[in-house]
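Trainee: One structure, pasted below without further comment.
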Amino acid sequence: MNDIIYYENTVTAEELCLLQAAVGFGQANIEQADKAIKNSLFCVSAMVNGKIAGMGRIIGDGARIFYLQDVFIAPDYQRMGIGTEIVTRMMKFIKNNSFEHAHTAVGLMAAKGKEDFYMKLGFRVRPNDHEGHGMIYTMNP
Ligand SMILES: CC(C)(COP(=O)(O)OP(=O)(O)OC[C@H]1O[C@@H](n2cnc3c(N)ncnc32)[C@H](O)[C@@H]1OP(=O)(O)O)[C@@H](O)C(=O)NCCC(=O)NCCS
């Protein structure tokens, strides 16, 4: 196995589209992906042998609310710890950009069956005794 190299804020729209298709989440619009990356707070990607192997990005207000998005690891590179490393690096960015004595929320919408992956990284599932369901509205489904 070749070395896995992690990069910050270098992922391209083409790489996002490639990874999204590779994990079976459909074909992304390249112009939309480009704008999405530019409007992200932080992106992490993993390269193996010069090829894109995975990515994740953070959106949010940069202070109170952060969301993890587009955590995609290409099938050939799954279960090697790359997803864990990418989320860990994203959480470090959030920690470094949050206010020490102020509540900071980190949210995400887990894909079906992927809850365990995030639970291992410290996330809790909603709904629970105190919190309602996460909700979503899809425009142009
Ligand atoms: C889910 C995903 C991001 C995990 O990334 P990964 O690099 O394969 O995960 P890791 O190797 O860091 O796995 C760490 C642990 O998470 C858990 N895990 C990983 N993939 C999982 C899966 N598909 N289902 C359930 N648990 C999983 C396992 O406990 C794993 O530890 P183990 O390999 O020792 O059993 C990756 O499989 C992926 O991109 N899937 C397709 C796209 C997707 O669903 N993305 C999430 C969008 S919310």
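Numbering (our numbering), first residue to last: 3 to 143.
Don't be surprised by glycine CBs; every beta carbon is placed ideally from N, CA and C.
All values reported here derive from a predicted model rather than from experimental measurement.
For Phe27, which of helix, strand or coil comes out of DSSP?
Mentor: coil
Trainee: Do the CB positions of Leu21 and Ala76 come within less than 8 Å of each other?
Mentor: yes
Trainee: Can you say whether Val13 is buried or exposed, counting buried as having 16 or more other CB atoms within 10 angstroms of its CB?
Mentor: When all chains shown are included, Val13 counts as buried.
Trainee: Using only the alpha-carbon positions, how far apart do Asp1 and Val50 sit?
Mentor: Residue 1 lies beyond the range of the chain shown here (3 to 143); nothing can be said about it.
Trainee: Would you mind sorting Met57 into buried or exposed? The rule is 16 or more other CB atoms within 10 Å of its CB.
Mentor: buried
Trainee: For ligand 1, any of its heavy atoms closer than 7 Å to the Cβ of Lys53?
Mentor: no
Trainee: Looking at the unbroken beta strand (DSSP E) that takes in Asp72, where does it start and where does it end?
Mentor: Ile67 to Ile75
Trainee: Is Phe68 near ligand 1, going by C-beta to nearest heavy atom under 7 Å?
Mentor: Between ligand 1 and the CB of Phe68, the shortest heavy atom gap is not smaller than 7 Å.
Trainee: Is it true that the CB of Asp72 sits closer than 8 Å to the CB of Leu18?
Mentor: yes
Trainee: Can you give the beta carbon distance from Asp36 to Ala15, rounded, assuming they're within the 8 Å contact cut?
Mentor: 4 Å
Trainee: Out of Ile7, Leu110, His135 and Glu133, point me to the one whose CA is closest to Gly62's CA.
Mentor: Its Cα nearest to that of Gly62, the residue Leu110 stands out among Ile7, Leu110, His135 and Glu133.
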